[in-house]
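Colleague: Numbering (this note's numbering), first residue to last: 2 to 333.
A virtual CB, placed ideally from N, CA and C, is assigned to each residue, including glycine.
Since this is a predicted model, take the numbers as computed values, not measurements.
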Ligand code: UDP
């Protein structure tokens with residue numbers, strides 16, 4: 002039985018990872034400052050044997066160092082996530098992402114603990130390639146468009162992690178997450194699926210940003226989480242970067258229609274110009290499809306859950322919340 006430290010463990014993905022590891026009889030320590038994470042995501046784990054939760058910030062160096070010393074492995078998920086948050090709180094988000102990762106890597110290096118660093122498909126930037134492969138060039142927008150600060154902070158995290166591997170063979174794995182979705186994801190930071198489902202269930206119009214021809218591929222968190230653990234089990238993954246996601250591509254227009262259908266809703270669709278949807282400094286990405294060959298080769302990863310499975314789970318969860326609290330914002 003190993004001890005796994007999950008930074009950001011009260012967040013959407015981190016809390017599913019905690020569930021998964023505890024379910025396999027492992028020990029889990031969560032550290033989360035509850036900035037975007039929610040205590041309700043891990044409340045059900047309180048008192049469970051092998052589970053420990055620390056509400057604090059990963060930038061609290063001494064505490065973090067002590068937790069990493071006690072752990073066998075570190076899953077570093079604590080970050081300012083989402084383009085909207087980065088644009089709205091630029092300084093804090095950039096520092097949080099870069100310093101947090103630097104401290105995690107420094108302590109992991111001190112105690113020689115393996116670390117998984119979570120990055121994002123955003124690092125591909127404005128690349129027009131039909132499919133993004135891990136070694137592709139990145140095409141970043143200018144620094145006066147704050148959106149690109151998120152991608153750049155995560156790319157800096159990747160450089161730091163890979164530098165530790167190259168210089169001292171620290172066992173690090175870098176993953177680039179592509180639009181991970183599922184229960185517990187909140188719509189508060191603009192994520193499209195929880196937003197659309199909330200709107201559909203409340204018979205409000207679904208807000209499609211731009212013309213809705215932009216596409217995305219959505220992966221179920223229940224596919225993503227076991228892959229994170231499996232990558233950490235494979236020394237062949239150390240020192241490498243992996244895309245994780247799904248390659249089932251859908252336009253945002255089609256997604257809106259699918260959500261309306263799956264929720265049994267009669268909502269309309271409304272188009273919101275990007276300038277009204279986002280603060281200044283935003284540019285959208287037209288497409289974003291992961292090449293999944295590398296992760297397929299190393300751990301045999303194939304997404305099992307379809308978009309319909311994802312929507313069924315999110316609709317079911319939000320319906321349950323709405324029934325319990327009819328006046329609550331189901332999107333979180
Ligand atoms: N989007 C939308 N309506 C919403 C929220 C998002 O049309 O209520 C669009 C957004 O502009 C983007 C896509 O849906 O093109 C995915 O957005 P999300 O924030 O979920 O993830 P991103 O891929 O931008 O990181």
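Out of 3, 17, 161, which one is the CA nearest neighbour of residue 223?
Modeller: Reading the chain shown from its first residue, position 222 is the one you call residue 223. The option with the nearest alpha carbon to residue 223 is 17.
Colleague: Examine ligand 1 and report whether any of its heavy atoms sits within less than 7 Å of the Cβ of residue 215.
Modeller: As a working mapping, residue 215 is identified with position 214 in the chain shown. Residue 215: yes, Cβ under 7 Å from ligand 1.
Colleague: Measuring alpha carbon to alpha carbon, tell me which of 280, 112, 277 ends up nearest residue 70.
Modeller: Along the chain shown, one-based indexing puts residue 70 at 69. Check the Cα spacing between residue 70 and each of 280, 112, 277: the tightest is with 112.
Colleague: Is the distance from the Cβ of residue 204 to the Cβ of residue 261 below 8 Å?
Modeller: For the purposes of this step, residue 204 is taken as the residue at position 203 of the chain shown. For the purposes of this step, residue 261 is taken as the residue at position 260 of the chain shown. Against a cut-off of 8 Å, the Cβ pair of residue 261 and residue 204 comes out as no contact.
Colleague: Indicate whether at least one CB of chain D lies closer than 8 Å to the CB of residue 50.
Modeller: Given the protein chain composition of this structure (a single chain), no chain D is represented.
Colleague: Can you tell which of 14, 6, 311 has its C-alpha closest to the C-alpha of residue 227?
Modeller: Within the chain shown, residue 227 is the residue found at index 226, counting from 1. Scanning 14, 6, 311 for the CA closest to the CA of residue 227 turns up 14.
Colleague: Ligand 1 and residue 210: does any heavy atom of the ligand fall closer than 7 Å to the residue's C-beta?
Modeller: Within the chain shown, residue 210 is the residue found at index 209, counting from 1. Yes, since a heavy atom of ligand 1 falls inside the 7 Å radius drawn around the Cβ of residue 210.
Colleague: In its own chain, which residues sit with a C-beta less than 6 Å from the C-beta of residue 333, not counting the 5 before and 5 after it?
Modeller: Reading the chain shown from its first residue, position 332 is the one you call residue 333. Reliability of the predicted coordinates at residue 333 is poor, the pLDDT of 44 falling under 50, and the value obtained from them is presented with this limitation in mind. Result list for residue 333: 187, 188, 189, in chain order.
Colleague: May I have the straight-line CA-CA distance separating residue 26 from residue 107, to the nearest angstrom?
Modeller: One-based indexing of the chain shown puts residue 26 at position 25. One-based indexing of the chain shown puts residue 107 at position 106. Cα-Cα distance, rounded: 28 Å.
Colleague: Among the residues of its own chain, which have a CB less than 8 Å from the CB of residue 294, if the five just before and after it don't count?
Modeller: The count along the chain shown starts at 1 and reaches residue 294 at position 293. Same-chain partners within the cutoff: 134.
Colleague: So, using beta-carbon positions, are residue 105 and residue 8 closer together than 8 Å?
Modeller: Translated into the one-based positions of the chain shown, residue 105 becomes position 104. Translated into the one-based positions of the chain shown, residue 8 becomes position 7. Yes, they are a contact pair.
Colleague: For the region 140-169, list the alpha helix (DSSP H) runs that are entirely contained and at least 4 residues long, ordered along the chain.
Modeller: 148-169
Colleague: Distance check for residue 131 and residue 287, CA to CA, integer angstroms please.
Modeller: Along the chain shown, read from residue 1 onward, the residue named residue 287 stands at position 286. Along the chain shown, read from residue 1 onward, the residue named residue 131 stands at position 130. Across the structure, residue 287 and residue 131 are spaced so that their CA atoms are roughly 10 Å apart.
Colleague: Taking Cβ to Cβ, would you say residue 157 is nearer than 8 Å to residue 99?
Modeller: For the purposes of this step, residue 157 is taken as residue 156 along the chain shown, with counting starting at 1. For the purposes of this step, residue 99 is taken as residue 98 along the chain shown, with counting starting at 1. Contact: yes.
Colleague: Drop a sphere of 10 angstroms on the beta-carbon of residue 319, count the other beta-carbons inside from all chains shown, and report buried for 16 or more, exposed for fewer.
Modeller: Position 318 of the chain shown, counting from 1, holds the residue named residue 319. By the 10 Å Cβ count, residue 319 comes out buried.
Colleague: If I measure Cβ to Cβ from residue 161 and keep anything under 7 Å in the same chain, skipping five residues before and after, which residues do I get?
Modeller: By 1-based counting over the chain shown, the position of residue 161 is 160. Excluding sequence neighbours, residue 161 sits near 102, 103, 106.
Colleague: Assuming the contact rule is C-beta atoms closer than 8 Å, residue 183 and residue 315 should be a hit. Round their C-beta distance to whole Å, please.
Modeller: Here the question's residue 183 lines up with position 182 in the chain shown. Here the question's residue 315 lines up with position 314 in the chain shown. With 8 Å as the limit, residue 183 and residue 315 qualify as a contact, their Cβ atoms being about 7 Å apart.
Colleague: Which residue's Cα is closest to the Cα of residue 180: 241, 251, 64, 55?
Modeller: Stepping through the chain shown from its first residue, residue 180 is reached at position 179. Residue 251 is the option with its Cα nearest to residue 180.
Colleague: Any idea what DSSP makes of residue 248, helix, strand or coil?
Modeller: For the purposes of this step, residue 248 is taken as residue 247 along the chain shown, with counting starting at 1. Coil, per DSSP.
Colleague: Is the beta carbon of residue 10 within less than 7 Å of some heavy atom of ligand 1?
Modeller: By one-based count along the chain shown, residue 10 stands at place 9. Because no heavy atom of ligand 1 lies under 7 Å away, the Cβ of residue 10 does not count as near it: no.
Colleague: Give a yes or no on whether the C-beta atoms belonging to residue 230 and residue 22 are separated by under 8 Å.
Modeller: Reading the chain shown from its first residue, position 229 is the one you call residue 230. Reading the chain shown from its first residue, position 21 is the one you call residue 22. Yes. Within cutoff.
Colleague: What are the boundary residues of the alpha helix (DSSP H) that includes residue 108?
Modeller: Walking along the chain shown from the start, residue 108 turns up at place 107. Element bounds for residue 108: 91-112.
Colleague: Who pairs with residue 291 in a beta bridge, going by DSSP?
Modeller: Within the chain shown, the letter at position 290 stands for residue 291. Beta-bridge pairing links residue 291 to 133.
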